[in-house]
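For the sequence shown, counting from 1, position 140 maps to 142 in the numbering used here; every step adds exactly one. This report concerns only the one structure given below.
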Amino acid sequence: MSRAELEHRHADLQRFSAEIGTLDAEAVHVAARTDFDETLELLVDLAKATDASIRLAARRLALQLTIRPSRANGAYRMGTSRLSTVDDPLAGVDLDLDATLARLDQHPRLRAEDVRVRAWRSPATAYVLLVDASGSVAGPRVATALVTAAAVAARMRPDDELAVVAFWSQAVVLRPIRSIAAMTDLVGALLTLRGGGTTDLALALRTGLRQAGTARSRRREILLITDGIATAGSDPMPVAAAAGAAGARLHVLALSDEEPSYRACSRLAGAGGGRCAGLLRASSAPAAVADILRP
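Laid out in structure tokens, this is it:
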């Protein structure tokens, strides 16, 4: 994207980039505190700038604004723990006598490693994020995807899994479910995303279900970011209804609050056994994600 195009889209570009090849990080952070959405949308566009130094600086700042440390202490997922029998004596405080004595069937005498205790454990979760990249993949759409991915990542625990799929008339897996790549790689992929064209929701859902189907985790949550309107491919409703058979729930983050669009999103979520929430601005993503994934 040329300097002229950037200035046409963002009238206040000079405030952040007074000269070619420069980007004022402090000005960006100050602006983000006032209007996070507009500032992130600017960075998304700058990440596609012709000037390589501007591109790199914008991607670095977008990372700083979106990625937060993972809340691995569990406070974000209260209510999901289950009492389980485990073979780590340090993991719990209550001896599971029956499970411990059952080890005598294998050995005449109990050993230290035969001790079983009861401990609270949270089941691992596989998250699959489906990002609508049809039409014009401009700043607002990518900014929303970035913050949503960051909101999901922030609630993940070490054993959780995350896949991200971008779709339009095609479906591209940006991050496979078994990936161990850093979130920074995903942010880079989203910032350079170039979709366009029509919207094949059925293809997106089939791709998402395939990712969920290969997850190690038994709990599987699919999050679809869309306006709910399919303009290509087959009817997405039967595919959405197949989520339960794959052990997954389909949730929809609706990009529009207009009646036909939101109704279509609600129907998709209902068919997939999940919830629907509005997502009109990138800054709303953390609350929307928390809403649809609540226990």
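Don't be surprised by glycine CBs; every beta carbon is placed ideally from N, CA and C. All values derive from a computational prediction rather than experimental measurement.
Given a length threshold of 3 residues, each whole run of the beta strand (DSSP E) inside the region 222-282 is given here in chain order: 250-256, 275-280.
For A128, the enclosing beta strand (DSSP E) stretches over residues 127-134. A direct Cα-Cα distance of roughly 8 Å separates P238 from L270. With respect to the 9 Å criterion, A245 and T228 are not classified as neighbours on the basis of their beta carbons.
Under a 10 Å Cβ-count criterion, R222 is classified as buried, with 16 or more other Cβ atoms of the shown protein chains found around its own Cβ.
By the Cβ rule, the region 160-180 does not count as touching the region 7-27, because fewer than three pairs are nearer than 8 Å. Here F18 is not bridged, per DSSP, to any residue.
Under the DSSP definition of a beta bridge, F169 partners with D134, A173. Under the DSSP assignment, D39 falls in the alpha helix (DSSP H) whose first and last residues are 38-48. Non-local beta-carbon contacts of G249 in its own chain, meaning distances under 7 Å to residues more than five positions away in sequence, involve R220, R222 in chain order. DSSP places P142 inside the alpha helix (DSSP H), whose first and last residues are 141-156. Cα atoms of A165 and L195: separation of roughly 16 Å, rounded to the nearest angstrom. The Cβ neighbour count for Q213, taken over all protein chains shown within 10 Å, is at least 16; the residue is labelled buried.
For G197, there is no enclosing alpha helix (DSSP H), as DSSP marks it with neither H nor E.
For the pair of segments examined, the region 173-186 was found not to touch the region 48-59: the number of CB pairs separated by less than 8 Å stays below three. Relative to the Cα of T68, the nearest Cα in the group L148, A191, R180 belongs to L148. Going by C-alpha positions, Q16 is about 16 Å away from T52. By the criterion of a C-beta distance shorter than 6 Å, P288 is surrounded in its chain by A153, once the five residues flanking it on both sides are discounted. In this chain, S219 is not harboured by any alpha helix (DSSP H), its DSSP state being neither H nor E. Note on G274: 16 or more other CB atoms within 10 angstroms of its CB, so buried under the neighbour-count rule. In the three-state reduction of the DSSP assignment, L295 falls in the coil class, being assigned neither a helical nor a strand state. Under the three-state reduction of DSSP, L164 is assigned to strand. T186 and L63 have their alpha carbons spaced roughly 12 Å apart.
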